[in-house]
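Data first, discussion second: the structure below is written as structure tokens.
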Amino acid sequence: MLQMGILEVEVFDIWGIDFMEPFLSSFGNLYILLVVGYVSKWVEAVALPTNDTKSIVRFLRKKYFSRFGTLGALISILNNICLRCKNREETLIHAMKDCPKAREILVAGGLNDRLLDRNYINCIDWLEDVFQDLDNKAAADFLTLLWNNWNDRNNTVLKRKMEAVVKKRWTKPPVGCVKVNVDATVLNGCTGVGAVARDHDGFVIGGCYNFQKTAMDISGAEVEAFKVGLKLEKNLNVGRLIVESDSAILVNAVNKRRLDITILGQCIRSECDVFSSFESVQVKWTNRNSNYAADFLCKLAIRNENDLYFDMEYPMDIHNIIIRDAIN
């Protein structure tokens with residue numbers, strides 16, 4: 001019987017196999033070896049007298065390899081080398097975020113560069129920063145991304161199988177609707193906002209980008225992009241409108257504007273007064289890859305340092321980006 005309380009361990013703190021300690025001796029055992037199979041939902045704990053590698057090997061031979069029939073897990077544990085990139089120590093933050101394959105999965109799922117580029121030592125610090133930026137829907141999508149990433153890691157370790165990442169693209173709106181994608185970029189002391197509107201066949205019916213030679217707060221820049229997108233659609237006499245943005249903060253603020261008493265909330269409520277000009281308006285979050293055209297327009301505004309409005313005829317560099325989305 002244990003003489004001390006069991007230490008609390010969160011799931012993300014356990015790297016496949018972990019020792020829990022210290023405990024007072026119980027029948028000669030000082031440690032508890034905890035093994036978690038995240039994908040198979042398999043958990044097992046065993047009391048052991050030592051916490052060395054030989055104890056792990058004996059346990060794996062008896063319990064783990066007989067079940068899964070592979071030495072991949074042991075290779076990863078003992079060498080502590082990431083089997084996906086093969087050139088870095090496999091810490092938890094590396095497996096979940098920093099490994100090139102993990103980053104490819106997260107980017108394909110639409111996670112912003114700002115949430116990927118910062119360096120972290122502990123995985124929990126990164127997760128806390130990410131969840132502060134996401135609304136409930138985006139957080140659920142992010143958790144799915146983490147599961148897919150972890151599943152990809154396990155397939156590599158246990159099955160020696162690596163799958164290609166399938167990137168999400170822009171999708172057409174329902175018949176009778178127009179979708180406008182909006183985005184904002186703050187770069188080198190300048191701000192660029194972009195909006196592009198497409199009908200249910202995927203054809204561009206209008207778009208624009210605006211340039212400001214001042215660095216706005218990113219939240220304010222996203223609101224400005226939202227404002228530009230609504231103005232664009234109003235001028236096009238659109239009836240049923242879908243607005244897409246990869247800013248979870250913006251989308252969350254719009255959809256909860258009646259409860260938001262912040263300055264941002266007041267700005268959003270003011271901009272949403274124009275909703276009465278449309279038959280219906282939906283504001284949705286989308287991943288970054290699905291918002292590529294609007295993102296490109298933002299960067300084009302900063303590069304060209306000017307404003308541009310276009311209808312169904314637009315410059316060739318914009319045409320190439322639209323075609324890329326349409327080929328989806």
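Residues 1 to 328, numbered by UniProt numbering, are exactly what the sequence shown covers, in order. Glycine included, every Cβ here is placed at the ideal spot set by N, Cα and C.
Cut-off 7 Å between Cβ atoms - residues of its own chain near residue i, not counting five sequence neighbours on either side
| i | result |
| --- | --- |
| Asp133 | Leu115, Ala248 and Ile249 |
| Ala221 | Ala184, Val186, Thr191 and Val193 |
| Pro174 | His200 |
| Ala102 | Ala95, Met96 and Asn149 |
| Cys267 | Val223 |
| Tyr309 | Cys208 |
Integer-rounded CB distance, given that residue j should sit under 8 Å from residue i
| i | j | result |
| --- | --- | --- |
| Leu230 | Val274 | 5 Å |
| Ile81 | Phe211 | Their Cβ separation, rounded to whole angstroms, is 47 Å, which puts Ile81 and Phe211 out of contact at 8 Å. |
| Val182 | Ala294 | 6 Å |
| residue 384 | Val238 | This structure cannot speak to residue 384, because the chain is shown only from 1 to 328. |
| Val283 | Asn255 | 6 Å |
| Cys123 | Leu92 | 5 Å |
Neighbourhood of residue i by C-beta distance below 6 Å, restricted to the same chain and skipping five residues each side
| i | result |
| --- | --- |
| Glu305 | Phe211 |
| Pro100 | Cys85 |
| Arg269 | Arg257 |
| Ser276 | none |
| Val180 | Ala195, Ala197, Gly229, Glu233 and Val243 |
| Phe278 | Leu241 |
Below-7 Å beta-carbon distance, residue i vs any chain B residue
| i | result |
| --- | --- |
| Asn306 | Any reference to chain B falls outside this structure, which holds one protein chain only. |
Separation of residue j from residue i, as counted between CA atoms
| i | j | result |
| --- | --- | --- |
| Val178 | Asp325 | 16 Å |
| Arg258 | Arg88 | 48 Å |
| Phe296 | Ile322 | 10 Å |
| Arg118 | Asn320 | 31 Å |
| Asn291 | Gly206 | 16 Å |
| Arg198 | Leu106 | 27 Å |
| Cys298 | Ile218 | 13 Å |
| Val196 | Met312 | 11 Å |
Burial state of residue i (16 or more Cβ within 10 Å)
| i | result |
| --- | --- |
| Thr286 | buried |
| Phe203 | exposed |
| Lys227 | buried |
| Ile121 | exposed |
| Asn215 | It is Ala, not Asn, that sits at residue 215 in the sequence shown. Under this definition Ala215 is an exposed residue. |
| Ile261 | exposed |
| Ile32 | buried |
| Glu90 | buried |
| Trp147 | exposed |
| Thr156 | buried |
| Asp152 | buried |
| residue 331 | Since the first residue shown for the chain is 1 and the last is 328, residue 331 is missing from the structure and cannot be characterised. |
Reduced DSSP category for residue i - H, G, I as helix; E, B as strand; rest coil
| i | result |
| --- | --- |
| Phe310 | strand |
| Val238 | coil |
| Tyr38 | Bear in mind that the predicted position of Tyr38 carries a pLDDT of just 48, short of 50, making it unreliable; the figure below should be weighed with that in mind. DSSP places Tyr38 in coil when its eight states are reduced to three. |
| Glu89 | strand |
| Tyr209 | strand |
| Leu48 | strand |
| residue 332 | Outside the modelled stretch of the chain, which goes from 1 to 328, sits residue 332, for which no answer is possible. |
| Asp199 | coil |
| Ile32 | strand |
| Leu127 | helix |
| Ile81 | strand |
| Asp325 | helix |
Own chain, CB closer than 8 Å to residue i, minus 5 neighbours either side, in chain order
| i | result |
| --- | --- |
| Leu145 | Ile105, Leu106, Gly109 and Leu111 |
| Gly28 | Pro49 |
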